[in-house]
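Colleague: Just remember that the numbering used here sits 17 ahead of the position in the sequence shown, which is counted from 1. Cβ coordinates follow ideal geometry from the N, Cα and C atoms, glycine included. Sharing a structure here in structure tokens format.
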Amino acid sequence: MTASAASSPEREDPVLQPADRAARRHRTRRRADMPLLGGVRPPIAALLALLLAVAAITALTLGLGHGQAVQQASRDAEAQVAADAADSVRSAVDAQAQQVRDAADAYAVTSRTTPAAALKSLVTVGKSEPGAALLDPRDGTRLASTGEAVPLTGVDVVAQDEQSAGGPIAPRLVSGGATPRLLYFARVTLPAGALNDPGNQDQGQDTTGQSAAKNPHHWLLVVSGPVSAPPVHGDGRTVRLVDRDGQVLMGTAAAQTTTAPAGFATDTSATDLPDADRALPEAAANAANAAPHASEAFGSMLGATQGSSRTVAGWASVAPAGGKGDTAQLGLTVLTARPVPLTPAGADHTGSGLIAAGTLVLIALLVTGVLTVTMQRPLLRLHLSAARLGRGVSDDPEATGDELLRPVPVPAFGEPARIGGALESLRRQLLGEAEPRPPAARRGPATRAVVVLCVVLVAAWSLPLLFLVNRADPRTAIPADVIADQQARTEAAADRVRDSLDQRYTDLASVARQLSGRDGDADATVLRHALSQHSQYRSLYVIDSAGAIVQRVGQTPLRTIVHTPTGSGITTVNTSGRIPSIAAYAQIPAAKNAPGGDRAPVVLFGEIDVHALDGTLSRPALGSVWLTDQRYKVLAANVGFTAFQALPDSRLDRLAAGTQAAVGTAGSATSAVLDKGPAPTGDSAVAAAAPLATTGPAAGLSWRVVSSKPAASLKLTAFQVQWNTMLAGLLGLSVGVACLAWLHIVVVRPLRALAGLAERLAGGDRRTVLYPVNHDEAGSVTRGLELVRQALVARDRRSARDAVPTGSPAPSAPSSPSAPSSSSAPSSSSTADHSTHPTGPRPGAPRA
Numbered sequence: 018m019t020a021s022a023a024s025s026p027e028r029e030d031p032v033l034q035p036a037d038r039a040a041r042r043h044r045t046r047r048r049a050d051m052p053l054l055g056g057v058r059p060p061i062a063a064l065l066a067l068l069l070a071v072a073a074i075t076a077l078t079l080g081l082g083h084g085q086a087v088q089q090a091s092r093d094a095e096a097q098v099a100a101d102a103a104d105s106v107r108s109a110v111d112a113q114a115q116q117v118r119d120a121a122d123a124y125a126v127t128s129r130t131t132p133a134a135a136l137k138s139l140v141t142v143g144k145s146e147p148g149a150a151l152l153d154p155r156d157g158t159r160l161a162s163t164g165e166a167v168p169l170t171g172v173d174v175v176a177q178d179e180q181s182a183g184g185p186i187a188p189r190l191v192s193g194g195a196t197p198r199l200l201y202f203a204r205v206t207l208p209a210g211a212l213n214d215p216g217n218q219d220q221g222q223d224t225t226g227q228s229a230a231k232n233p234h235h236w237l238l239v240v241s242g243p244v245s246a247p248p249v250h251g252d253g254r255t256v257r258l259v260d261r262d263g264q265v266l267m268g269t270a271a272a273q274t275t276t277a278p279a280g281f282a283t284d285t286s287a288t289d290l291p292d293a294d295r296a297l298p299e300a301a302a303n304a305a306n307a308a309p310h311a312s313e314a315f316g317s318m319l320g321a322t323q324g325s326s327r328t329v330a331g332w333a334s335v336a337p338a339g340g341k342g343d344t345a346q347l348g349l350t351v352l353t354a355r356p357v358p359l360t361p362a363g364a365d366h367t368g369s370g371l372i373a374a375g376t377l378v379l380i381a382l383l384v385t386g387v388l389t390v391t392m393q394r395p396l397l398r399l400h401l402s403a404a405r406l407g408r409g410v411s412d413d414p415e416a417t418g419d420e421l422l423r424p425v426p427v428p429a430f431g432e433p434a435r436i437g438g439a440l441e442s443l444r445r446q447l448l449g450e451a452e453p454r455p456p457a458a459r460r461g462p463a464t465r466a467v468v469v470l471c472v473v474l475v476a477a478w479s480l481p482l483l484f485l486v487n488r489a490d491p492r493t494a495i496p497a498d499v500i501a502d503q504q505a506r507t508e509a510a511a512d513r514v515r516d517s518l519d520q521r522y523t524d525l526a527s528v529a530r531q532l533s534g535r536d537g538d539a540d541a542t543v544l545r546h547a548l549s550q551h552s553q554y555r556s557l558y559v560i561d562s563a564g565a566i567v568q569r570v571g572q573t574p575l576r577t578i579v580h581t582p583t584g585s586g587i588t589t590v591n592t593s594g595r596i597p598s599i600a601a602y603a604q605i606p607a608a609k610n611a612p613g614g615d616r617a618p619v620v621l622f623g624e625i626d627v628h629a630l631d632g633t634l635s636r637p638a639l640g641s642v643w644l645t646d647q648r649y650k651v652l653a654a655n656v657g658f659t660a661f662q663a664l665p666d667s668r669l670d671r672l673a674a675g676t677q678a679a680v681g682t683a684g685s686a687t688s689a690v691l692d693k694g695p696a697p698t699g700d701s702a703v704a705a706a707a708p709l710a711t712t713g714p715a716a717g718l719s720w721r722v723v724s725s726k727p728a729a730s731l732k733l734t735a736f737q738v739q740w741n742t743m744l745a746g747l748l749g750l751s752v753g754v755a756c757l758a759w760l761h762i763v764v765v766r767p768l769r770a771l772a773g774l775a776e777r778l779a780g781g782d783r784r785t786v787l788y789p790v791n792h793d794e795a796g797s798v799t800r801g802l803e804l805v806r807q808a809l810v811a812r813d814r815r816s817a818r819d820a821v822p823t824g825s826p827a828p829s830a831p832s833s834p835s836a837p838s839s840s841s842a843p844s845s846s847s848t849a850d851h852s853t854h855p856t857g858p859r860p861g862a863p864r865a
């Protein structure tokens, strides 16, 4: 041996000793056996982390529930009021523009018609149409005019006509003069050579250069209309129409009522804004100009504070969504404003949020500790014990020899205790210290009871937050101005329905004046053209004096009431069926002198498509809206309904009945909070009802518009705190149930199955092969049990061979010729040493 070889053990680092290296490899392998996302530890760790996160969310969200000087619900309602008003302006402009076009399309120009005569037939100067003119589209020359002068300064009518490329010409806003005007354009088609006839030119008109130019195919009709702010409702509310530069074009104030809910400031003294709020129109115009045209643009702003109230303003662009339509280029914005009382500071929920969060932290720590003590640690000990027994019965070079000599620590609870007892019994069987015996009767709660207890602890914190804590009482939580806004928007919905019905009646009366009552083919042509122009009608039909239909176009009439009315107006023509039928009717003037007797056409009916009314009732954030008849049966709604059904709540009937102060009167709007009891789902609602019309063709119908909006949908501080509290409870319950269900699936159920297999193996079942299913602690214990089973089977086989009777031929293995004879029988001293040395063959170990 060389000196260097002899001295090498002395210089060897103890860390590199073979035993230490084996131990280190053993620890590394044991850690690698467990995946990061498998076993008992991930569900418990996730439960703790998520419950702590829910506790943090609870502390933050409940701490944010402070009272606001102006509730967000008031701002949202004002923005929606402005949007409703803008929709009314948009509908009015569209209707006026279409009416001018329809009049121009229906007028037939002959070769002898003069521009003055055509203009007189086309336009009746009045309040809605102060002035009109016929222009030559080649150069914009005025051919005829009537009423006030049409303000065409700065308007290039030739370019307007050319840019439209034969399509509708969009209205223009002219605000340069003392009074702003809207200009509506339409083409009056001319027959060939109509303008070449000198008799068609008015005397005194400038026709210089007309003979040299190309003969036009049409005249250009220009009608000037007033710019008026839409009507609004609600005490103290004002509305203004603003152009794109922020200049106020027109403004009105809502009429003072006596039935609006009390408790908020009223101010109808003037339409001028206070000095502190003079910047609101320009701010509204800038916001509308900056808003994208992809959707309807509206919003709210806060004005100055005056005493105990503050101005809340809403703005909405008149331009339609998508940027196309008659009002798309007008640049108009509706601005509404009203004083709203400041809300007193509410309760501070920061303390309750911290208490709830702290309680959840304690529950999270308690649940985690219980699961760690009763499941995680016992299962990890079982994993180590099973691995130790597996090494003790195998040829693992890392085995130290005392794996079977150390007892298995038996847990004191549930399935881990059963598995630990089975492992200890198997260890003793391997050592020959015990015989297989059936498992003892199960006593005490199982591991599943621990999971149930943890669910109960989490639910004890979550369920009160879901159903009991921070409940808002709608009768006191909803401010009076929010209730009044619901009433104002319901009145606006009634105005829209009334305007829609009035427009349908006006259109039908215009068609009735075109019917001759003599020429059936000509009248049918008129009806078909009218139906194609007005898609709101589902059918048009003419009846005689006996009520029979003598001519019809469109779908089959739904009428079940056969009568011949004497006047004109709006009515229902059925009282049952799948679809309510609302119809406009008008007398046919030419029918008075028409031949045919009782079969002569008398009245024109137009059944209105109920879906058009459903769309009129639909407005964002208004809730459910119904149009009812005088018996409070539903005729139209923005929600699903059955024809002529009753309102969904009898209290809505009483609210609708309250709009009529006395029999025979039109009545006024009313509103209330409908409290449906202390249900945790927040079934209370803000409801309002308004009469449909006090004037016009629908005035005598006694119809009502009723709306109902869930109180919980209002953005009020009390409801915000309630929803945040319910959200915290729901999150806590969801996290607890999800993580504990995960633990039950990946740990508890496999443990229950494993406990049964281990007890059967300890009781003597050697035939059942144990297959590890999961790569976790339960799978590791299963692998260890399978190794023990194989060792017990091998030992039983050896015992059976050793028990062969004396004299029986013993099986002999063929010996090698070159093997020495002394090797076939070891000495007695070596045999004794072999059986007692701890590093020798272990009991139950399979032979090589």
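#1: DSSP three-state label for Ala686, please.
#2: Would you call the region 740-747 in contact with the region 476-496, where contact means no fewer than 3 C-beta pairs closer than 8 Å?
#3: Hey, does Gly713 have any beta-carbon neighbour from chain C nearer than 8 Å?
#4: Helix, strand or coil for Val329, going by three-state DSSP, please let me know.
#5: What's the gap between the Cα of Gln116 and the Cα of Asp153?
#6: Could you round the C-beta distance between Ala673 and Arg595 to whole angstroms and report it? I think they count as a contact, below 8 Å.
#7: Can you tell me which residues form a DSSP beta bridge with Pro358?
#8: Just the C-alpha distance for Val472 and Thr360, rounded to the nearest angstrom, thanks.
#9: Taking buried to mean at least 16 other C-beta atoms within 10 Å of its own C-beta, is Glu794 buried or exposed?
#10: Whole angstroms are fine: how far does the CA of Thr322 sit from the CA of Val98?
#11: Pick out whichever of Thr542, Ser442 and Val752 has its Cα sitting closest to the Cα of Arg777.
#12: Where do the ends of the alpha helix (DSSP H) carrying Gln115 lie?
#13: Reducing DSSP to helix, strand and coil, say where Phe315 ends up.
#14: Indicate whether the contact test is met: 3 or more Cβ pairs, each with one atom in the region 332-350 and one in the region 305-320, closer than 8 Å.
#15: Closest to Thr676 by C-alpha separation, out of Tyr649, Gly657, Phe202 and Asn655, would be which residue?
#16: In angstroms with no decimal places, state the Cα-to-Cα distance between Val57 and Arg423.
#17: Tell me the rounded alpha-carbon separation between Ser719 and Arg198.
#18: Out of curiosity, what's the CA-to-CA distance linking Leu750 and Ser685?
#19: What are the start and end residues of the alpha helix (DSSP H) that includes Glu299?
#20: I need the DSSP call for Thr141, collapsed to helix, strand or coil.
#21: Does Tyr201 pass the burial test, meaning 16 or more other C-beta atoms within 10 Å, or should it be called exposed?
#22: Give a yes or no on whether the C-beta atoms belonging to Ile605 and Ala541 are separated by under 8 Å.
#23: Looking at the secondary structure, which residues open and close the beta strand (DSSP E) in which His250 lies?
#24: Please report how far the alpha carbon of Leu748 lies from the alpha carbon of Ser730, in whole angstroms.
#25: Quick check on Pro240: does DSSP put it in helix, strand or coil?
#26: Just to confirm my understanding: we take Pro298, look at its own chain, exclude 5 residues before and 5 after, and list those with CB closer than 7 Å. What are they?
#27: Which residues in the same chain have their Cβ closer than 6 Å to the Cβ of Ser402, if we skip the five residues on either side of it in sequence?
#28: Which residue from Ala182, Ile560, Asp93 and Thr577 puts its Cα closest to that of Val570?
#29: Quick check: Gly157 and Val175, are their CB atoms within less than 8 Å of each other?
#30: Output the boundary residues of the beta strand (DSSP E) element that contains Leu652.
#31: Closest by CA to Ala305, which one among Gly340, Gly320, Pro291 and Ser325?
#32: Quick one: using the 10 Å Cβ neighbour count with 16 as the cut-off for buried, is Ala307 buried or exposed?
#33: Report the CB separation of Ala715 from Leu518 in whole angstroms; it is logged as a contact under 8 Å.
#34: Look up Gly623 in the DSSP assignment and give the residues it is bridged to.
#35: State the start and end residues of the unbroken alpha helix (DSSP H) segment that holds Met743.
#36: If you follow the alpha helix (DSSP H) that Val798 is part of, which residue opens it and which one closes it?
Modeller: In brief:
#1: Secondary structure at Ala686: coil, using DSSP grouped into helix, strand and coil.
#2: A contact exists between the region 740-747 and the region 476-496.
#3: Here there is only one protein chain, and chain C is not present.
#4: strand
#5: 21 Å
#6: Rounded, the Cβ-Cβ distance is 24 Å, inconsistent with contact.
#7: Ser326
#8: 41 Å
#9: With 16 or more Cβ atoms within 10 Å of its Cβ, Glu794 is classed as buried.
#10: 21 Å
#11: Checking every option, the nearest Cα to that of Arg777 belongs to Ser442.
#12: Gln89 to Ala123
#13: The answer is strand: DSSP assigns Phe315 an E or B state.
#14: yes
#15: Tyr649
#16: 25 Å
#17: 36 Å
#18: 48 Å
#19: Leu297 to Ala307
#20: Correct three-state label for Thr141: coil.
#21: buried
#22: Not in contact: Ile605 and Ala541 (Cβ atoms no closer than 8 Å).
#23: Careful: His250 lies outside any beta strand (DSSP E) and carries neither H nor E.
#24: 20 Å
#25: What sits at residue 240 in the sequence shown is Val, not Pro. It is a strand residue.
#26: So the list reads Arg257, Val259, Gly263, Val265 and Leu352, once near-sequence residues are dropped.
#27: Val425 and Leu440
#28: Ile560
#29: yes
#30: Val651 to Ala654
#31: Gly340
#32: exposed
#33: 5 Å
#34: The partner list for Gly623 (beta bridge, DSSP) reads Leu557 and Ala601.
#35: Thr734 to Leu760
#36: For Val798, the enclosing alpha helix (DSSP H) has its first and last residue at Glu794 to Asp819.
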